[in-house]
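When you read off a place in the sequence shown, starting at 1, and then add 1, the result is the number in this note's numbering. Contents: one structure, followed by commentary.
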Amino acid sequence: MAQLNQLELRCPGIVRALPLLLLGVLLWGQLAIALSPWWRDGSYYDYGWLVPFLAIWCLWARWERLPVRARSLRDSSVPAGQMAAVAITVFALAMLRLVERSDPAWRIPIWLHALTVMALWHAVVLRLTGRFLYFLPVTILMLTAVPLPPVLESALIHRLTQAVLDYSVPIANLMGIPVAMTGTALTAHGELLQIDDGCSGIRSFQSLLMISIFFGEFFFLSWPKRLLMVVTGFASAFLFNGLRTLTLTWIFFKHGESRFHEFHDGVGVVTFVLSAIATYLVAWWMAGPVRRSEPGPP
């Protein structure tokens, strides 16, 4: 007890925050474990490994800006009915984990899992602080690491691929590369460059969605500005993925397939970093000098 009192004196509020922080780590941590196969398979969701750490920072930052009265936490005694509801929810999570392990490719259980955690988390936050949606930005950030439903993901990939082709062909022609669109491929001089799902920009699209939400929370922007940040992330993903496609198209048709494969990954990394920087600068500009110096929750 003495050690806790000393810690409270050195870091005001940290002892009171521990129950809520530990609960958040427990609830969202077990969801992160369930999501880890999706992050590990090297497809579109490998950015998910970063999300829990960003969420922990956001959780702590929001706690620090919570009014002192709410920080004191309410009476920890819980009525029997609420305890029963929590027990049923925990049992449902255990059953969902069994279903997830039996068929890892099925996304409905993982979304039910995520939404159940979300509901339980906000119910407990309401019970402890009296503020149901105060930590909603943290929840939204965590949900960006959950794989999209297959129908939505396939439709998004198809639209992005078509947009990349529609964007690339006329600009490539202006650059002096006489390419034509054949299905989901670009052709010129009898050579064919296939635009597959990975080249659609789906990975940068989803990564920048996560980044734009995080930057909105980092600068504690108002909700309308956060929505504008999401639009900015989408626009940045589309613009820089188009730049990536044009660069690789030029390399492929001007310097050959071997040079294309040599520069493929590097060009992707550079354009993604540029898109993230552009998104950050927009968030920084939206924050304004007052918000940048003294951020506060929206």
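Just so it is clear, CB atoms sit at the ideal spot from N, CA and C, and this is done for glycine as well. These numbers were taken from a predicted model, which means no experiment stands behind them.
Specify, as a first and last residue, the run of the alpha helix (DSSP H) that residue 238 falls within. As a position in the sequence shown, residue 238 is number 237, starting the count at 1. Residues 224-256.
Chain-order list of residues whose beta-carbon lies under 8 angstroms from that of residue 287 (same chain, five-residue window excluded): The residue you call residue 287 lines up with position 286 of the sequence shown. Only residues of its own chain outside the window of five on either side were considered, and among them 220, 222, 226, 229, 230 have a CB closer than 8 angstroms to the CB of residue 287, listed in chain order.
Among 261, 139, 203, which residue has its Cα nearest to the Cα of residue 28? Within the sequence shown, the letter at position 27 stands for residue 28. Per the Cα distances, 139.
Do residue 246 and residue 155 count as a contact pair if the criterion is CB distance below 7 angstroms? Here residue 155 is taken as the residue at index 154 of the sequence shown, counted from 1. Here residue 246 is taken as the residue at index 245 of the sequence shown, counted from 1. No, the Cβ-Cβ distance between residue 155 and residue 246 is not below 7 angstroms.
Nearest CA to the CA of residue 118: which residue from 167, 92, 104? Reading the sequence shown from its first residue, position 117 is the one you call residue 118. Cα-wise, what sits closest to residue 118 is 92.
Tell me which residues share the same chain as residue 298 and place their Cβ nearer than 6 angstroms to its Cβ, disregarding the 5 neighbours each side in the sequence. One-based indexing of the sequence shown puts residue 298 at position 297. The predicted position of residue 298 is uncertain, since its pLDDT is 48 and thus under 50; a value taken from the coordinates is nonetheless stated next. Answer for residue 298: 66, 221, listed in chain order.
Measuring CB to CB, does residue 172 end up less than 7 angstroms from residue 254? By 1-based counting over the sequence shown, the position of residue 172 is 171. By 1-based counting over the sequence shown, the position of residue 254 is 253. Not closer than 7 angstroms, so no.
Given a threshold of 16 other Cβ atoms within 10 Å of its Cβ, counted over all protein chains shown, does residue 175 qualify as buried or as exposed? Here residue 175 is taken as the residue at index 174 of the sequence shown, counted from 1. Exposed, because fewer than 16 other Cβ atoms sit within 10 Å of the Cβ of residue 175.
At which residues does the beta strand (DSSP E) containing residue 182 begin and terminate? In the sequence shown, residue 182 corresponds to position 181, counting from 1. Its beta strand (DSSP E) spans residues 181-183.
Quick one: residues in its chain with C-beta nearer than 8 angstroms to the C-beta of residue 114, no 5 flanking neighbours on either side, listed in chain order? Numbered from 1 along the sequence shown, position 113 holds the residue referred to as residue 114. Around residue 114: 32, 35, 94, 97, 98, 101.
Member of 205, 194, 269 whose CA lies at the smallest distance from the CA of residue 233: As a first step, residue 233 is located in the sequence shown; it is residue number 232 there, counting from the start. It is 205.
Three-way DSSP call (helix, strand, coil) for residue 188 in this model: Along the sequence shown, read from residue 1 onward, the residue named residue 188 stands at position 187. In the structure shown, residue 188 sits in a strand (DSSP, three-state: E or B).
Residue 194 by DSSP, collapsed to three states: which one? As a position in the sequence shown, residue 194 is number 193, starting the count at 1. Strand.
Rounded to whole angstroms, what's the CA-CA distance from residue 25 to residue 56? Just pull it up for me. Taking the first residue of the sequence shown as position 1, residue 25 is located at position 24. Taking the first residue of the sequence shown as position 1, residue 56 is located at position 55. Straight-line Cα distance between these residues: approximately 10 angstroms.
Please state the DSSP three-state secondary structure of residue 58. Your numbering for residue 58 matches position 57 in the sequence shown. DSSP places residue 58 in helix when its eight states are reduced to three.
Tell me, please, whether the stretch 205-215 touches the stretch 272-279 by the rule of three or more beta-carbon pairs shorter than 8 angstroms. Enough Cβ pairs lie closer than 8 angstroms, so yes.
For the structure I just gave you, are there three or more beta carbon pairs, one from the stretch 252-271 and one from the stretch 177-194, closer than 8 angstroms? Cβ pair count under 8 angstroms is three or more, so yes.
Taking the alpha-carbon of residue 192 as reference, which of 45, 258, 39 has the nearest alpha-carbon? As a position in the sequence shown, residue 192 is number 191, starting the count at 1. Answer by Cα proximity: 258.
Just to confirm, does residue 140 get its C-beta within under 6 angstroms of one of the non-hydrogen atoms of the ligand MG? Looking at this structure, you won't find the ligand MG or any other ligand, since it has none at all.
Ignoring anything shorter than 4 residues, give me the alpha helix (DSSP H) runs that lie fully in the stretch 129-160, in order along the chain. Entirely contained in the stretch 129-160, the alpha helix (DSSP H) runs reaching 4 residues are, in chain order, 137-144.
Within its chain, find whatever has a CB closer than 7 angstroms to the CB of residue 161; leave out the 5 residues flanking it on each side and keep chain order. The residue given as residue 161 occupies position 160 in the sequence shown. Non-local beta-carbon contacts of residue 161 in its own chain, meaning distances under 7 angstroms to residues more than five positions away in sequence, involve 201, 202, 203, 206 in chain order.
Please report the Cβ distance between residue 46 and residue 151, rounded to the nearest whole angstrom; I am assuming they are in contact, meaning their Cβ atoms lie under 8 angstroms. Position 45 of the sequence shown, counted from the first residue, corresponds to residue 46. Position 150 of the sequence shown, counted from the first residue, corresponds to residue 151. Not really, about 13 angstroms apart at Cβ, beyond 8 angstroms.
Quick check on the burial criterion: 16 or more other C-beta atoms within 10 angstroms. Buried or exposed for residue 85? The residue labelled residue 85 in the question sits at position 84 within the sequence shown. The residue in question, residue 85, is exposed, as its Cβ has fewer than 16 Cβ neighbours within 10 Å.
Where residue 271 and residue 189 are concerned, what is the direct C-alpha to C-alpha distance, given to the nearest angstrom? Here residue 271 is taken as the residue at index 270 of the sequence shown, counted from 1. Here residue 189 is taken as the residue at index 188 of the sequence shown, counted from 1. Their Cα atoms are separated by approximately 26 angstroms.
Three-state secondary structure (DSSP) at residue 102? For the purposes of this step, residue 102 is taken as residue 101 along the sequence shown, with counting starting at 1. Three-state result, residue 102: helix.
Assign residue 176 to one of three DSSP states: helix, strand, or coil. As a position in the sequence shown, residue 176 is number 175, starting the count at 1. The answer is coil: DSSP assigns residue 176 none of H, G, I, E or B.
CA-CA distance, residue 121 and residue 89? Counting from one through the sequence shown, the residue named residue 121 turns up at place 120. Counting from one through the sequence shown, the residue named residue 89 turns up at place 88. Residue 121 and residue 89 have their C-alpha atoms spaced approximately 11 angstroms apart.
Out of 218, 37, 51, state which residue places its alpha-carbon closest to the alpha-carbon of residue 61. Start at 1 with the first residue of the sequence shown, and residue 61 comes out as number 60. Scanning 218, 37, 51 for the CA closest to the CA of residue 61 turns up 218.
Among 39, 52, 49, nearest to residue 106 - alpha-carbon criterion: As a first step, residue 106 is located in the sequence shown; it is residue number 105 there, counting from the start. Among 39, 52, 49, the Cα nearest to that of residue 106 is on 39.
Contacting residues, own chain, Cβ-Cβ under 7 angstroms from residue 194 (five flanking each side not counted): The count along the sequence shown starts at 1 and reaches residue 194 at position 193. Here the set comprises 186, 187, 250, 253.
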